[in-house]
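**Student:**
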Amino acid sequence: MPEIMPETMTSMERVLTTLSHKEPDRVPLFLLLTMHGAAELGCSIEEYFSKAEHVVEGQLLMLKKYRHDCLFPFFYAPLEVEAFGGEVLYFEDGPPNSGIPIIVTPSDIDGLVAPVVDDTPCLFKVLQAIRMLKQEVADAVPIIGVVMSPFSLPVMQMGFPAYIELMYDSPELFAELMRVNSEFCTTWANAQLKAGATAICYFDPISSPTMTARDMYLDTGKMIANEVISQINGPVATHLASGNCLSIIDDVAETGSAVISASSMEDLALVKEACQGKISILGNLNGIEMRRWTAQQAEERVRQAIQDAASGGGFILSDNHGEIPCQVQEETLLSIAAAVRKWGRYPLAG
Amino acid sequence: MERIISDKGVEAFTANLLALDRLAVDRTMEQARNQAGSLQVVDRLVVPALEKIGRGWEEGTVALAQVYMAGRMCEELVDRFLPPSSSERTSQPKMAIALLDDYHSLGKIIVYSALRASGYELEDYGRLTVPELVQRVCADSVRFILISTLMLRSALQVKEVRQGLEECGSKAKIIVGGAPFRFDSVLWQEVGADGMGGDAAEAVRLVKGYMEVRHA
Numbered sequence: 001m002p003e004i005m006p007e008t009m010t011s012m013e014r015v016l017t018t019l020s021h022k023e024p025d026r027v028p029l030f031l032l033l034t035m036h037g038a039a040e041l042g043c044s045i046e047e048y049f050s051k052a053e054h055v056v057e058g059q060l061l062m063l064k065k066y067r068h069d070c071l072f073p074f075f076y077a078p079l080e081v082e083a084f085g086g087e088v089l090y091f092e093d094g095p096p097n098s099g100i101p102i103i104v105t106p107s108d109i110d111g112l113v114a115p116v117v118d119d120t121p122c123l124f125k126v127l128q129a130i131r132m133l134k135q136e137v138a139d140a141v142p143i144i145g146v147v148m149s150p151f152s153l154p155v156m157q158m159g160f161p162a163y164i165e166l167m168y169d170s171p172e173l174f175a176e177l178m179r180v181n182s183e184f185c186t187t188w189a190n191a192q193l194k195a196g197a198t199a200i201c202y203f204d205p206i207s208s209p210t211m212t213a214r215d216m217y218l219d220t221g222k223m224i225a226n227e228v229i230s231q232i233n234g235p236v237a238t239h240l241a242s243g244n245c246l247s248i249i250d251d252v253a254e255t256g257s258a259v260i261s262a263s264s265m266e267d268l269a270l271v272k273e274a275c276q277g278k279i280s281i282l283g284n285l286n287g288i289e290m291r292r293w294t295a296q297q298a299e300e301r302v303r304q305a306i307q308d309a310a311s312g313g314g315f316i317l318s319d320n321h322g323e324i325p326c327q328v329q330e331e332t333l334l335s336i337a338a339a340v341r342k343w344g345r346y347p348l349a350g
Numbered sequence: 351m352e353r354i355i356s357d358k359g360v361e362a363f364t365a366n367l368l369a370l371d372r373l374a375v376d377r378t379m380e381q382a383r384n385q386a387g388s389l390q391v392v393d394r395l396v397v398p399a400l401e402k403i404g405r406g407w408e409e410g411t412v413a414l415a416q417v418y419m420a421g422r423m424c425e426e427l428v429d430r431f432l433p434p435s436s437s438e439r440t441s442q443p444k445m446a447i448a449l450l451d452d453y454h455s456l457g458k459i460i461v462y463s464a465l466r467a468s469g470y471e472l473e474d475y476g477r478l479t480v481p482e483l484v485q486r487v488c489a490d491s492v493r494f495i496l497i498s499t500l501m502l503r504s505a506l507q508v509k510e511v512r513q514g515l516e517e518c519g520s521k522a523k524i525i526v527g528g529a530p531f532r533f534d535s536v537l538w539q540e541v542g543a544d545g546m547g548g549d550a551a552e553a554v555r556l557v558k559g560y561m562e563v564r565h566a
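Chain order of the listed sequences is A and B. The numbering of the first sequence is the numbering used here, which starts it at 1 and goes up by one. The numbering of the second sequence is the numbering used here, which starts it at 351 and goes up by one.
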């Protein structure tokens, strides 16, 4: 059994070292927790996300409890849709969803205008949370800002079926929608960086080969990512939200993204081989299964992921979806955090 | 003329579906109907093609957008020569599909299209809460209810559907599908479902299997 040595780096140093494909003191752990903050504060999910102060308090409490390596002031997936005028539906036991689509007819795309970040309360709230977190941790802990990619946002703006048909059947309207979304995405990412975010997580599940054929991705999602990521004034991680990454790793690396997420459905060792030295990996613990893991299972999953992907750095251990379900128990999260300290110390055991 | 109802024919039809070549798909279907009866075309051309596409998605060689578009194309084509009122449609007990307290409709539409393109008739209940779904299934005497979810919270609610159905004396089989069930292979058993379709083709196979048992 490996001896647990004291840690010698701050979370920021640990993450920056691994992103430069070198081995830090131990494998960095990102517990991408959102709704668990509400439980920490003893309030509903809706109430929790109503104030920046709640999210700040929740994130800091969870940082202390789990001793992981990032702050994640991501509120909820439909935030951008809300900024565009859409509705957000709250639940007691799950993440907020987007409601009725804001794009119903082609003319809705023609009239679509990107929201102004400073004039939009839901966005302002996130910026406030980032600023407050930055004041608390300065440069010791990375603060991860989040944007929904212009290519993936339409799933919430218009519904997935209608969006697929738009992609295939209406290239001009698709291009117009991408233009508006790209303008907004770039501004929104840079506003978060200016507020104190260390890096931007570019959520782009539709670019995953699970969702879109690679040929189409090369003509759409990748082109859009090339343009947007080149205009974001900080490091970017591309997150495919449980989608597979293997066949587009080189493509994502070419967009300028420093990190790519891996799915729990993928062989992490193969992903590592394909990413080696080019792009770092974020993943790939199964967040859905995590709900029923025992402490032993949690440890085994962590050990296996580290064995598959942590050698030489370039790896951040995380869940594979970018948001851990609120049904995952605190004990399991603590087991994961303990297992990283046990098995993730560099040089790796065995 | 080359036989369309053959392995090679299915291969070509599948390739045309994935390329979204509507004209070629249309042409193949017409040729197939000149060579075989409508139900044979469905059973030996459409269903195998959709199964191949489903397998492709499982294996990571086909994207969900292609699965969706192929299913819709097949559904439209089959509807054209085998309308819902056709006496040739598969005779079956009542079946319905629903989205359980979830706003992500893509999976439901894909499965609905695949079943209809495979010759089955089913009612689309849209999005319902647990009590609404239980009430509809009992009132309509549905024998097979397919439940689609994307959110974990919705998947966990299937347990309440099972309980509600038992309370109202329904013996409906519950077939579930969607991301939570794909990512946790024992979840469908935990929530009391009778079966889980990892993709649309698997859902069709499950339904077909139940139908065959009923008719045995």
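All C-beta atoms in this analysis are idealised placements derived from N, C-alpha and C, irrespective of residue type, glycine included.
Mapping the DSSP letters down to three states, classify Ile524(B) as helix, strand or coil.
**Tutor:** Of the three classes helix, strand and coil, the one that applies to Ile524(B) here is strand, per DSSP.
**Student:** How about Cys201(A) and Ile144(A): are their beta carbons less than 8 Å apart?
**Tutor:** Yes, the Cβ-Cβ distance between Cys201(A) and Ile144(A) is below 8 Å.
**Student:** What does Pro481(B) touch in chain A if you count any residue whose Cβ is under 9 Å from its own?
**Tutor:** Per Cβ cutoff of 9 Å: no residues; Pro481(B) is ~16 Å from chain A at best.
**Student:** Across which residues does DSSP place Phe315(A) in a beta bridge pair?
**Tutor:** Phe315(A) pairs with Ile281(A).
**Student:** With burial defined as no fewer than 16 other Cβ atoms inside 10 Å of the residue's Cβ, what is the status of Asp219(A): buried or exposed?
**Tutor:** That one is exposed.
**Student:** For Phe556(B), which three-state DSSP category applies?
**Tutor:** Note that residue 556(B) is Leu in the sequence shown here, rather than Phe. Three-state DSSP puts Leu556(B) in a helix.
**Student:** Tell me, please, whether the CB atom of Gly159(A) is closer than 8 Å to any CB atom in chain B?
**Tutor:** Answer yes: the Cβ-Cβ gap between Gly159(A) and chain B drops below 8 Å somewhere.
**Student:** Can you give me the C-alpha to C-alpha distance between Val533(B) and Gln385(B), rounded to a whole angstrom?
**Tutor:** Note that residue 533(B) is Phe in the sequence shown, not Val. Cα to Cα, the separation comes out at about 42 Å.
**Student:** What whole-angstrom Cβ distance do Lys458(B) and Ser498(B) have, given they're in contact under 8 Å?
**Tutor:** About 4 Å separates the two Cβ atoms, so the contact holds.
**Student:** So for Val236(A), helix, strand or coil by DSSP?
**Tutor:** Correct three-state label for Val236(A): strand.
**Student:** In chain order, what residues of the same chain lie with their CB nearer than 6 Å to the CB of Gln416(B), ignoring the 5 residues before and after it?
**Tutor:** Result list for Gln416(B): Leu368, in chain order.
**Student:** Report back the beta-carbon spacing between Val480(B) and Asp452(B) to the nearest angstrom; my notes put them in contact at under 8 Å.
**Tutor:** Wrong, their Cβ atoms sit about 12 Å apart, outside the cutoff.
**Student:** Of all the CB atoms in chain A, is at least one closer than 8 Å to the CB of Met501(B)?
**Tutor:** Closer than 8 Å to some Cβ of chain A, the Cβ of Met501(B) qualifies, so yes.
**Student:** Find out if the Cβ-Cβ distance for the pair Arg466(B), Glu425(B) is shorter than 8 Å.
**Tutor:** Contact: yes.
**Student:** Counting only C-beta atoms, is Gln327(A) closer than 8 Å to chain B at any point?
**Tutor:** Yes, because at least one Cβ of chain B sits closer than 8 Å to the Cβ of Gln327(A).
**Student:** So what does DSSP say about Ile144(A), is it helix, strand or coil?
**Tutor:** Looking at Ile144(A) - three-state DSSP - the assignment turns out to be strand.
**Student:** Beta carbon of Leu268(A), beta carbon of Ala237(A): below 8 Å?
**Tutor:** No; because the gap between Cβ atoms is not below 8 Å, this pair is not in contact.
**Student:** Using the C-alpha atoms, what's the distance from Tyr66(A) back to Arg14(A)?
**Tutor:** So the alpha carbons of these two residues sit roughly 16 Å apart.
**Student:** Measuring CA to CA, which of Leu31(A), Ser50(A) and Lys278(A) is closest to Leu71(A)?
**Tutor:** Of the candidates Leu31(A), Ser50(A) and Lys278(A), the one whose C-alpha sits nearest the C-alpha of Leu71(A) is Leu31(A).
**Student:** Using the Cα positions of Ala489(B) and Gly542(B), report the straight-line distance between them to the nearest angstrom.
**Tutor:** Each residue's alpha carbon lies about 21 Å from the other.
**Student:** Could you tell me the distance, in whole angstroms, from the CA atom of Glu46(A) to the CA atom of Met223(A)?
**Tutor:** So the two alpha carbons sit approximately 36 Å from each other.
**Student:** Considering only the beta carbon of each residue, do Pro24(A) and Tyr346(A) sit closer than 8 Å?
**Tutor:** Yes, they are a contact pair.
**Student:** Could you give the C-beta distance for Phe315(A) and Ile281(A), rounded to a whole number, given that I count them as a contact under 8 Å?
**Tutor:** Contact flag correct, Cβ pair sits at about 5 Å.
**Student:** List the residues of chain B whose Cβ lies closer than 7 Å to the Cβ of Pro209(A), in chain order.
**Tutor:** What Pro209(A) touches in chain B: Gly410 and Ala413.
**Student:** Could you give the C-beta distance for Asn181(A) and Thr210(A), rounded to a whole number, given that I count them as a contact under 8 Å?
**Tutor:** Not really, about 21 Å apart at Cβ, beyond 8 Å.
**Student:** According to DSSP, simplified to helix, strand and coil, what is Tyr202(A)?
**Tutor:** Note: Tyr202(A) maps to strand in three-state DSSP.
**Student:** Answer yes or no: do Ala298(A) and Ser335(A) have a C-beta to C-beta separation smaller than 8 Å?
**Tutor:** Yes, the pair counts as a contact, with Cβ atoms nearer than the cut-off.
**Student:** Leaving aside the five residues before and after Leu29(A) along the sequence, list all residues of the same chain whose C-beta is less than 6 Å from its C-beta, in chain order.
**Tutor:** Once the five neighbours on either side are set aside, the close Cβ partners of Leu29(A) are His68, Asp69, Leu317 and Val340.
**Student:** Any residues in the region 414-426 of chain B with a beta carbon nearer than 9 Å to a beta carbon of chain A? Which ones, in chain order?
**Tutor:** Flagged, chain order: Leu414, Ala415, Gln416, Tyr418, Met419 and Arg422.
**Student:** Quick one, which residues of the region 354-382 of chain B are near chain A if we go by CB-CB under 9 Å, in chain order?
**Tutor:** So the list reads Leu368 and Leu370, given in the order they occur along the chain.
**Student:** Would you call the region 252-267 of chain A and the region 508-517 of chain B in contact, with 3 or more CB pairs under 8 Å?
**Tutor:** Cβ pair count under 8 Å is below three, so no.
**Student:** With a Cβ-Cβ cutoff of 8 Å, do Thr18(A) and Gly313(A) count as a contact?
**Tutor:** Yes, Cβ-Cβ distance for Thr18(A) and Gly313(A) is below 8 Å.
**Student:** Taking Cβ-Cβ distances shorter than 7 Å, what residues in chain A pair up with Asp534(B)?
**Tutor:** Neighbours of Asp534(B) on chain A, chain order: Ile288 and Glu289.
**Student:** Going along the chain, which residues of the region 231-265 of chain A sit with their C-beta nearer than 8 Å to a C-beta in chain B?
**Tutor:** Answer set for the region 231-265 of chain A: Ser242, Asn244, Leu246, Ser247, Ser264 and Met265.
**Student:** Going by beta carbon distance, what residues of the same chain come within less than 8 Å of Tyr48(A), once the five residues before and after it are set aside?
**Tutor:** Cβ within range, chain order: Met35, Gly37, Ala38, Leu41, His54, Val55 and Gly58.
**Student:** Do Val141(A) and Leu63(A) have their C-beta atoms within less than 8 Å of each other?
**Tutor:** Going by C-beta atoms, Val141(A) is nearer than 8 Å to Leu63(A).
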